[in-house]
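K.L.:
Here the sequence shown stands for residues 877 to 1167, where the numbers follow our numbering.
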Amino acid sequence: MIASMTGFGKGEASDGQRRAVVEVRTVNSRYCDVAPRMPQSLSGLESRLKEVVQAAISRGRIEVTVLLEGGGVNGGAPVLNLDVARGYWEGLSRLKETLGIEGVVDLRTVAGLPDVFRYAPEGLDLEAVWALIERAASAALGQCNRMRRAEGDLLRRDFEARIGALERLLREVEALAPGRVMAARDRLRERLAQLLSNEIDPDRLAAEVAILADRMDITEECVRFHSHNEQFLRSLERDEPVGRRLNFLLQEMGREANTIGSKANDAAIAHLVVEMKEEIERLREQVQNVE
877 MIASMTGFGK GEASDGQRRA VVEVRTVNSR YCDVAPRMPQ SLSGLESRLK
927 EVVQAAISRG RIEVTVLLEG GGVNGGAPVL NLDVARGYWE GLSRLKETLG
977 IEGVVDLRTV AGLPDVFRYA PEGLDLEAVW ALIERAASAA LGQCNRMRRA
1027 EGDLLRRDFE ARIGALERLL REVEALAPGR VMAARDRLRE RLAQLLSNEI
1077 DPDRLAAEVA ILADRMDITE ECVRFHSHNE QFLRSLERDE PVGRRLNFLL
1127 QEMGREANTI GSKANDAAIA HLVVEMKEEI ERLREQVQNV E
């Protein structure tokens, strides 16, 4: 079953002293991009949180917000990071001197910059906190994935309808294809008759028609197109991320449609090819949101 890359989930967990709240928001992206937002005092848990998220979601931009309330979370005092403060001071002073910028680099300027002070809660048991965050994150991810699968089911129905439309258009093309060669043969006969004063060599005519028929033959393209449609539908039933696979198949369908249009040399088929390409483009827009 396919899943959309758009979803939201929220989970909570409590141990009687503290409460963790995790919210997960996902949007489409080519890669798996996890963006956690959590208190600086919990930054040591960020890598663990990313692992949990990546185990549940394989593709998309995933914003994870962690809130923690309760005992030991808001206690403690800020701790000066002297190396960071010194780096800011030296860098700003050099920048001011090099560029001739007016103004004063003072304590207020440096103290307000990121990471000059870090928050150090007293007596915060990170392992106990992680147990809460992990439970809340699992609940949020579960809710988010249910939403993504529900939207994916709606996408699947739309995909099936559009692939059905492509199949119908392709069958119409195949029905028109044989008549093109017959019409081209008649036109060729008329041209040869004009050039050769009605003295037509049947063998030459047959050879020319055979060459023309080969150039106009779209059988292979139609067979491959049917195969791509079938693979697309089968991919929708796979229990794994298939967004990239679907996108690749649509690229191949587009190539086959272009080749059919260029080889057809027929106004009716050209019109059908335009409709096919419109359906492919609609599918491509929707597939961008499939995991």
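Even glycine gets a Cβ: it sits at the ideal position worked out from N, Cα and C. These numbers were taken from a predicted model, which means no experiment stands behind them.
Taking DSSP's pairing of strands, which residues face Pro912 in a bridge?
P.N.:
In the DSSP output, where bridge partners are listed per residue, Pro912 has Val940.
K.L.:
For the candidate residues Arg901, Val955, Ser890, whose alpha-carbon lies nearest to that of Gln916?
P.N.:
It is Val955 whose Cα lies nearest to the Cα of Gln916.
K.L.:
From Glu888 to Ala1007, what does the alpha carbon distance come to, in whole angstroms?
P.N.:
Spanning the two alpha carbons is a distance of roughly 12 Å.
K.L.:
Give me the Cα-Cα distance between Gly951 and Gly892, rounded to the nearest whole angstrom.
P.N.:
Caution applies to Gly951, whose pLDDT of 49 falls short of 50 and renders its modelled position unreliable; the model cannot decide the point.
K.L.:
Please state the DSSP three-state secondary structure of Leu1000.
P.N.:
Leu1000 falls in the coil class under three-state DSSP.
K.L.:
Can you list, in chain order, the residues of its chain whose CB lies under 6 Å from that of Val1049, leaving out five sequence neighbours each side?
P.N.:
Within the same chain, Val1049 has close Cβ partners Ile1145, Leu1148.
K.L.:
Is it right to say Ile977 is buried, meaning 16 or more other beta carbons lie within 10 angstroms of its own, or is it exposed?
P.N.:
Classification of Ile977: exposed, given that the 10 Å Cβ count is below 16.
K.L.:
I'd like the list of long-range same chain contacts for Asn1164, defined as Cβ closer than 7 Å, with 5 residues on each side in sequence excluded.
P.N.:
With the sequence shown as reference, residue 1164 is identified as Gln, and Asn is not the correct amino acid for it. Excluding positions up to five away in sequence, the list reads Asn904.
K.L.:
How many angstroms separate the CA atom of Glu1151 from the CA atom of Leu1159?
P.N.:
The straight-line gap from Cα to Cα measures roughly 13 Å.
K.L.:
Would a C-beta distance cut-off of 8 Å place Glu1010 and Val928 closer than the cut-off?
P.N.:
It is a contact, given that the beta carbons lie within the stated cut-off.
K.L.:
Have a look at Glu1043 and Leu925 and give me their C-alpha separation to the nearest angstrom.
P.N.:
Going by the C-alpha atoms only, they are around 45 Å apart.
K.L.:
Considering only DSSP beta bridges, list what Glu945 is partnered with.
P.N.:
Bridge partners of Glu945: Arg895.
K.L.:
With contact counted as at least three CB pairs below 8 Å, one residue from each stretch, are the stretch 1013-1023 and the stretch 1101-1116 in contact?
P.N.:
With the cut-off at 8 Å, the stretch 1013-1023 and the stretch 1101-1116 do not touch.
K.L.:
Pair every Cβ in the stretch 1094-1102 with every Cβ in the stretch 1132-1143, then say whether three or more of these pairs are closer than 8 Å.
P.N.:
Touching, yes.
K.L.:
Looking at C-alpha atoms only, which residue of Ala1026, Cys908, Lys886 is the closest neighbour of Val942?
P.N.:
For the residues Ala1026, Cys908, Lys886, the minimum Cα distance to Val942 belongs to Lys886.
K.L.:
Give the DSSP-derived three-state secondary structure of Thr974 in the structure shown.
P.N.:
Helix.
K.L.:
Is Leu983 buried or exposed, if buried means 16 or more other CB atoms sit within 10 Å of its CB?
P.N.:
Exposed, because fewer than 16 other Cβ atoms sit within 10 Å of the Cβ of Leu983.
K.L.:
Would you mind listing the alpha helix (DSSP H) stretches within the stretch 1103-1167 that are 4+ residues and don't spill past its ends, in chain order?
P.N.:
Within the stretch 1103-1167, the complete alpha helix (DSSP H) runs of at least 4 residues are 1119-1140, 1143-1163.
K.L.:
Tell me Arg901's beta-bridge partners as DSSP assigns them.
P.N.:
DSSP, once it has assigned bridges, lists Phe884, Glu939 as partnering Arg901.
K.L.:
Return the bridge partner residues of Ala889 from the DSSP annotation.
P.N.:
Answer is Ala896, bridged to Ala889.
K.L.:
Using the three-state DSSP reduction, which class does Met877 fall into: helix, strand or coil?
P.N.:
DSSP places Met877 in coil when its eight states are reduced to three.
K.L.:
Given this structure, state the Cα-to-Cα distance separating Asn1141 from Leu1045, to the nearest angstrom.
P.N.:
Computed Cα separation, rounded: 17 Å.
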